[in-house]
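Asker: Using full-length UniProt numbering, the first residue of the sequence shown is number 1, and each one after it goes up by one.
Glycine is no exception: its CB is placed at the ideal position from the N, C-alpha and C atoms.
Since we're looking at a predicted model, the values are computed, not measured.
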Amino acid sequence: MARSLQSSFVHGKCFPTSETSATAFKRCLFPSFIKCCGGSATQEHAAVGGEMVALARDAVRRSRLPEEILVKSGGNFGRFGGKYVPETLMTSLAHLEAEFYLAMDDAYFREELEAALKDYVGRETPLYFAQSLTNYHKDGNGYGPEIYLKREDLNHGGAHKINNAIAQAMLAKRLGRKSIIAATGAGQHGVATAASCAKLSLDCTIFMGSQDMERQSSNVLLMKLLGAQVKPVDGKFKDATSVAIRAWVENLETSYYLPGTVVGPHPCPTIVSQFQSVIGKETRRQAMQKWRGKPAVLLACVGSGSNAIGLFHEFICDEDVRLIGIDAAGFGLETSKHSASLSKGEVGVYHGAMCYLLQDAEGQIVGTHSTAVG
């Protein structure tokens, strides 16, 4: 009987393509050697950070770490990703990339992170057999998928976000940063970042859309109780992200921008993917323990991507495992009230990377709709 792993249920669909999901994700996530961006920015990157990044990558290459940690392309995943930022940011991003590679080659850092994930975050999380849901989806002959839930909601803070937040907060300390800046939509990344900063004695500033603050007042309260300063922003999560990046740019030498999504300029998506990949690694191990096999299907909601990539990352090369991402369809894809950027979006550059966007004919970002916050 086929087993499927359900991460969360959201109406909609994702990746309307003739490719299989595994092939599509491989194409996006295992890029070929291409430049990180065009023109003088590429030259600037090579001038100010290329040697440092090369040395750090070489350290990882000499180590026994998994090859997927090393992104050879400079952050391009096929046509997507990259580093479309002002040249003033290239040095900081190069330093961040180099420090990330060095940290991944540092046994002490890895041991410290493993201890934090176990003792502070509460990993590993259970792979729970959803008996009632399984029974509901059986046909008249008693056949149907066995459905399991990866219980990331049992982490400290109530979500998967802290897997990445605690690791990046540790990375910020390695860089000598004392102030953390982040943006949050539903508040889960904000809570995770605040909890991580509380553990590591770092100052924490969270930017959040004003409407989201009203709808998620309990998370706002929790962030404040954890010592974070929460600042309202007119608009939604994308607007909060823009303000957070501007605040970081104003204090590059002392602050650290801690993204919780797999969007933004390289190396941010790579870092988040790596630190969230613990979800899929545990899932593979737990599946082998429970039924001595792999899941047949992996499903995850796709908002900003960290939940999905955390689950999918481990299984990208498994051709026999289907990877299904689910976009928020709102009132329907035929209306303008949805958030299905992967299904209905067009390619554009936003927040420093090339990705799918919901935009008008002039390239302006259009409003989205979902019952979810953010």
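Would you please state the rounded distance, in angstroms, between the beta carbons of residue 160 and residue 289? I believe it to be under 8 angstroms.
Answerer: Numbered from its first residue, the sequence shown carries residue 160 at position 160. Numbered from its first residue, the sequence shown carries residue 289 at position 289. Not a contact, Cβ separation roughly 21 angstroms.
Asker: According to DSSP, is residue 237 helix, strand or coil?
Answerer: Reading the sequence shown from its first residue, position 237 is the one you call residue 237. Here residue 237 sits in helix by DSSP.
Asker: Between which two residues does the beta strand (DSSP E) harbouring residue 300 extend?
Answerer: Numbered from its first residue, the sequence shown carries residue 300 at position 300. 297–301 is the span of the beta strand (DSSP E), which, as asked, contains residue 300.
Asker: In this structure, does DSSP put residue 361 in helix, strand or coil?
Answerer: Start at 1 with the first residue of the sequence shown, and residue 361 comes out as number 361. Looking at residue 361 - three-state DSSP - the assignment turns out to be coil, as it is neither helix nor strand.
Asker: Within 10 angstroms of its Cβ, does residue 241 collect 16 or more other Cβ (buried), or is it exposed?
Answerer: Taking the first residue of the sequence shown as 1, we reach residue 241 at position 241. Answer is buried; the Cβ neighbour count reaches 16.
Asker: Starting from the Cα of residue 326, find the closest Cα among 82, 338, 193 and give me that residue.
Answerer: As a first step, residue 326 must be located in the sequence shown, where it is residue number 326. Looking at the Cα atoms, 338 is the closest of the given residues.
Asker: Just checking, does the region 114–128 make contact with the region 145–155 on the three C-beta pairs under 8 angstroms criterion?
Answerer: yes
Asker: Taking 9 angstroms as the threshold (C-beta atoms), are residue 93 and residue 267 in contact?
Answerer: Locating residue 267 in the sequence shown gives position 267, where the first residue counts as 1. Locating residue 93 in the sequence shown gives position 93, where the first residue counts as 1. It is a contact, given that the beta carbons lie within the stated cut-off.
Asker: Using the rule of at least 16 other Cβ atoms within 10 Å of the residue's Cβ for burial, across every protein chain shown, is residue 41 buried or exposed?
Answerer: Residue 41 sits at position 41 when you count from the first residue of the sequence shown. Confidence at residue 41 is low in this model, with a pLDDT of 39, below 50, so its placement is unreliable and the value that follows should be read with caution. By the neighbour-count rule (16 or more Cβ atoms within 10 Å), residue 41 is buried.
Asker: List the endpoints of the continuous beta strand (DSSP E) containing residue 100.
Answerer: Along the sequence shown, one-based indexing puts residue 100 at 100. Counting along the chain, residue 100 falls outside any beta strand (DSSP E), though it belongs to the alpha helix (DSSP H) covering 87–104.
Asker: Name the residue from 316, 165, 292 whose alpha carbon lies nearest to the alpha carbon of residue 298.
Answerer: By one-based count along the sequence shown, residue 298 stands at place 298. Residue 316 is the option with its Cα nearest to residue 298.
Asker: At which residues does the beta strand (DSSP E) containing residue 205 begin and terminate?
Answerer: Stepping through the sequence shown from its first residue, residue 205 is reached at position 205. 203–209 is the extent of the beta strand (DSSP E) around residue 205.
Asker: Here's a check: name, in chain order, each residue in its chain whose Cβ is nearer than 8 angstroms to the Cβ of residue 361, leaving out the five neighbours to either side.
Answerer: If you number the sequence shown from 1, residue 361 lands on position 361. Closer than 8 angstroms at Cβ, skipping near neighbours: no residue.
Asker: Quick one: measure Cβ to Cβ for residue 203 and residue 186, integer angstroms, because I've assumed they're closer than 8 angstroms.
Answerer: Position 203 of the sequence shown, counted from the start, is the residue given in the question as residue 203. Position 186 of the sequence shown, counted from the start, is the residue given in the question as residue 186. Incorrect: roughly 23 angstroms between the Cβ atoms, too far for contact.
Asker: Taking only three categories from DSSP, how would you classify residue 249?
Answerer: On the sequence shown, residue 249 is found 249 positions in, with the first residue counted as 1. Three-state DSSP puts residue 249 in a helix.
Asker: Quick one: using the 10 Å Cβ neighbour count with 16 as the cut-off for buried, is residue 366 buried or exposed?
Answerer: Taking the first residue of the sequence shown as 1, we reach residue 366 at position 366. Exposed, since its Cβ has fewer than 16 Cβ neighbours within 10 Å.
Asker: CB-CB under 8 angstroms to residue 227, same chain, minus the five flanking residues each way: which ones, in chain order?
Answerer: Indexing the sequence shown from 1 puts residue 227 at position 227. Closer than 8 angstroms at Cβ, skipping near neighbours: 194, 197, 198, 204.
Asker: Less than 8 angstroms between the CB atoms is what I'm expecting for residue 101 and residue 353, so what's the real figure, rounded?
Answerer: Taking the first residue of the sequence shown as 1, we reach residue 101 at position 101. Taking the first residue of the sequence shown as 1, we reach residue 353 at position 353. So it is not a contact: roughly 20 angstroms between Cβ atoms.
Asker: Span of the beta strand (DSSP E) holding residue 180?
Answerer: Working through the sequence shown from its first residue, we reach residue 180 at position 180. Segment 179–184, the beta strand (DSSP E) holding residue 180.
Asker: In whole angstroms, give me the CA-to-CA distance for residue 166 and residue 140.
Answerer: The residue given as residue 166 occupies position 166 in the sequence shown. The residue given as residue 140 occupies position 140 in the sequence shown. For residue 166 and residue 140, the distance between alpha carbons rounds to 47 angstroms.
Asker: Determine contact between the region 234–250 and the region 131–145, defined as no fewer than three beta-carbon pairs at a distance below 8 angstroms.
Answerer: No, they do not touch.
Asker: In angstroms, rounded to a whole number, what distance separates the CA positions of residue 344 and residue 318?
Answerer: As a position in the sequence shown, residue 344 is number 344, starting the count at 1. As a position in the sequence shown, residue 318 is number 318, starting the count at 1. Roughly 27 angstroms between the two C-alpha positions.
Asker: According to DSSP, simplified to helix, strand and coil, what is residue 123?
Answerer: Position 123 of the sequence shown holds residue 123. The three-state reading of DSSP puts residue 123 in coil, since its state is none of H, G, I, E or B.
Asker: Please name the residue in 368, 233, 170, 177 whose C-alpha comes closest to that of residue 115.
Answerer: Translated into the one-based positions of the sequence shown, residue 115 becomes position 115. Closest option to residue 115, Cα to Cα, is 170.
Asker: Out of 357, 256, 309, point me to the one whose CA is closest to residue 281's CA.
Answerer: Translated into the one-based positions of the sequence shown, residue 281 becomes position 281. Taking only the C-alpha atoms, the option nearest residue 281 is 309.
Asker: If I measure Cβ to Cβ from residue 157 and keep anything under 6 angstroms in the same chain, skipping five residues before and after, which residues do I get?
Answerer: Against the sequence shown, residue 157 aligns to sequence position 157. Hits under 6 angstroms: 191, 192, 195.
Asker: Rounding to the nearest angstrom, what Cα-Cα distance links residue 18 and residue 82 in this structure?
Answerer: Along the sequence shown, read from residue 1 onward, the residue named residue 18 stands at position 18. Along the sequence shown, read from residue 1 onward, the residue named residue 82 stands at position 82. Summary for residue 18: the model assigns pLDDT 36, below 50, so the residue's position carries little reliability, and this model does not support an answer.
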